[in-house]
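Residue numbers (the numbering used here), protein chains in the order written: chain A, 1315 to 1570; chain B, 1315 to 1570. Working notes, beginning with the structure itself.
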DNA sequence: CAGTGGTCTAGACCACTGA
DNA sequence: CAGTGGTCTAGACCACTGA
């Protein structure tokens, strides 16, 4: 995803040259010239056409590549991309921030904050030995007094030794972990499921009611030193299962 | 999101200079130097430190900005970003392609393909007058014979006059619309809901069972000509409500 | 071999900010 | 005013591709 930041206006309203080239190519791509897979003009051709330097054309094409609109192959050329795999952006914020941004009040109730022995599955996901201690918290977040999210989270003590000592009625785990151990990478899955009896009770809904479940796993490189040999090994920081009442929560996003 | 494309290796395994600068800054940011909001080194300082040209440093910083890791203000400086709004990427593909990519077979059943008069709400969302004709299709997609998605879609005839004449057992609406009227912009929301009686029947599930519902609205600029005056008006191309059995479908994604 | 994209350089002009 | 980032240029060297 590429930010839609400052509007590239060198002077009053005029687009910067690289932005002109980009806009032209985008319009033509959208307009159907160069069907997916078709060879597009080379940098040299665009240089001639727009009377700009190659670096300028290069930037326009590189950004279009970043946006997934073209594919470039060294020694071969630039091609219109297949428009079928679309990278959408989905903004996931710290829930506290998200609620405050809506002008609502947030509070949370901590139901569990313990240290447990890692099960085999958990150990595998966090990249630690089975039976080693892991932190486990279960927190319910409220928006204006209504339960919005049940956060069931496991944390690798190596990454945040003081995690369990925090007062999670004041700092959300997400925020704390971002500060202590900024993530390098995270994967998530989103699915719909029925509320379990426990979840239903915590969220104040009927058992079996639909929930939006986000499972998020955050990892970092095991060695920040990065020995040149071997693959980049990652270490799990935390795994969170975030359950939301289906009728009170949705994720929003957009493409392009 | 920014593509993780070619690995910027000019020669055997050595990082390109701009990538080195970027990597250094990223590591320091992750390592906690420059807490969120802190002023980072200027381009000139980095030029001196890395013995590279300013354009090279500029590219590194611009890409970090695109990734949301830094914020830049002309005349002021570069600052470490607040790490709380994270742009995640979520890949949404044409369902046919997605199923084929898994090595499975896809087929679809068309339950409805008609022309209707736009209701007030639909007219508003598609940016057309109430009562004007809209195309309406209801198609169920199967993966290896199991129903995976119920696609309830309205299409603006202005954008795809021949939409309704297509044989949707051979081309998915998504694919057809992308070809005929490439989108400019799309918004979507994701939520969990109970299957209605109709949806349950179409998807072969129990009524009330949890479903993952994606509502996607695609728009394009009304005038490709772009009169310099006035705001960019958009026109709705299509609105689709995609309902998936909660136990058979999930969305996957990752950050950074 | 010619053509392609990937990248860097050294310098330039500019708009913007804040002292 | 000095310092900042935004951008462009004209040239360069390189790796890669396919004829």
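Ideal placement from N, C-alpha and C gives every residue a C-beta, glycine not left out. Predicted model, so just to flag it, every value in this text is computed and none were measured.
| Asked | Found |
| --- | --- |
| Closest residue to residue 1531 of chain A among A:1358, A:1431, A:1372 and A:1556 (Cα-Cα distance) | A:1556 |
| For residue 1527 of chain A, three-class secondary structure by DSSP | strand |
| Enclosing beta strand (DSSP E) for residue 1408 of chain B [first to last residue] | First-last for residue 1408 of chain B: undefined, no H or E at that position. |
| Neighbouring residues, chain A, relative to residue 1475 of chain B (Cβ below 8 Å) | Those within 8 Å of residue 1475 of chain B in chain A number zero; the least Cβ separation is about 15 Å. |
| Span separating the alpha-carbon of residue 1341 of chain B from that of residue 1451 of chain A | 29 Å |
| Closer than 8 Å to chain B by CB, residue 1453 of chain A | no |
| Below-8 Å beta-carbon distance, residue 1487 of chain A vs any chain B residue | no |
| Residue span of the alpha helix (DSSP H) that contains residue 1443 of chain A, given as start and end | Element bounds for residue 1443 of chain A: n/a, residue is neither H nor E. |
| Interface positions of the region 1525-1536 of chain A facing chain B (Cβ-Cβ less than 7 Å), listed along the chain | 1525 and 1526 |
| Positions along the region 1491-1508 of chain A whose CB lies within less than 7 Å of some CB in chain B | 1492, 1496, 1498, 1499, 1500, 1501, 1502, 1503, 1504, 1505, 1506, 1507 and 1508 |
| Burial state of residue 1422 of chain B (16 or more Cβ within 10 Å) | buried |
| Contact with chain A by residue 1367 of chain B, beta-carbon distance below 8 Å | no |
| For residue 1280 of chain A: DSSP bridge partner residues | Outside the modelled stretch of chain A, which goes from 1315 to 1570, sits residue 1280 of chain A, for which no answer is possible. |
| Test: residue 1440 of chain A CB closer than 8 Å to a CB of chain B | no |
| Residues bridged to residue 1477 of chain A (per DSSP) | According to DSSP, which records beta bridges pairwise, residue 1477 of chain A is partnered with nothing at all. |
| Under 8 Å between C-beta atoms of residue 1465 of chain B and residue 1447 of chain B | no |
| Any chain A beta carbon closer than 8 Å to residue 1328 of chain B | no |
| Neighbouring residues, chain A, relative to residue 1566 of chain B (Cβ below 9 Å) | 1501, 1502, 1503 and 1504 |
| Contact under 8 Å by Cβ, residue 1508 of chain A with residue 1518 of chain A | no |
| Environment of residue 1367 of chain B [buried if 16+ CB atoms lie within 10 Å] | exposed |
| Inter-residue CB distance, residue 1424 of chain B and residue 1453 of chain B (contact presumed, cutoff 8 Å) | 5 Å |
| Chain-order list of residues whose beta-carbon lies under 8 Å from that of residue 1318 of chain B (same chain, five-residue window excluded) | Unreliable positioning characterises residue 1318 of chain B in this predicted model, as indicated by a pLDDT of 33, which lies under 50. A coordinate reading is not provided. |
| Contact list for residue 1560 of chain B against chain A, beta-carbon separation under 8 Å | 1505, 1506, 1507, 1508 and 1524 |
| Residues that residue 1449 of chain B bridges to, as DSSP identifies them | B:1429 and B:1469 |
| Residue 1460 of chain B burial status per 10 Å Cβ neighbour count (16 or more: buried) | exposed |
| Residue environment, residue 1336 of chain B, which counts as buried when at least 16 other CB atoms sit within 10 Å | buried |
| Per-residue burial, residue 1566 of chain B [other beta carbons within 10 Å of its own, 16 or more giving buried] | exposed |
| Cβ pair residue 1550 of chain A, residue 1440 of chain A closer than 8 Å | yes |
| Of the listed residues A:1471, A:1489 and A:1410, nearest to residue 1430 of chain A (C-alpha basis) | A:1471 |
| Cβ-based burial, residue 1353 of chain B [other Cβ within 10 Å; buried from 16] | exposed |
| Backbone CA spacing between residue 1411 of chain A and residue 1512 of chain B [nearest angstrom] | 38 Å |
| Reduced DSSP category for residue 1329 of chain A - H, G, I as helix; E, B as strand; rest coil | coil |
| Three-state secondary structure (DSSP) of residue 1488 of chain A | helix |
| Identity of the residue in A:1386, A:1332 and A:1469 nearest residue 1364 of chain A by Cα | A:1332 |
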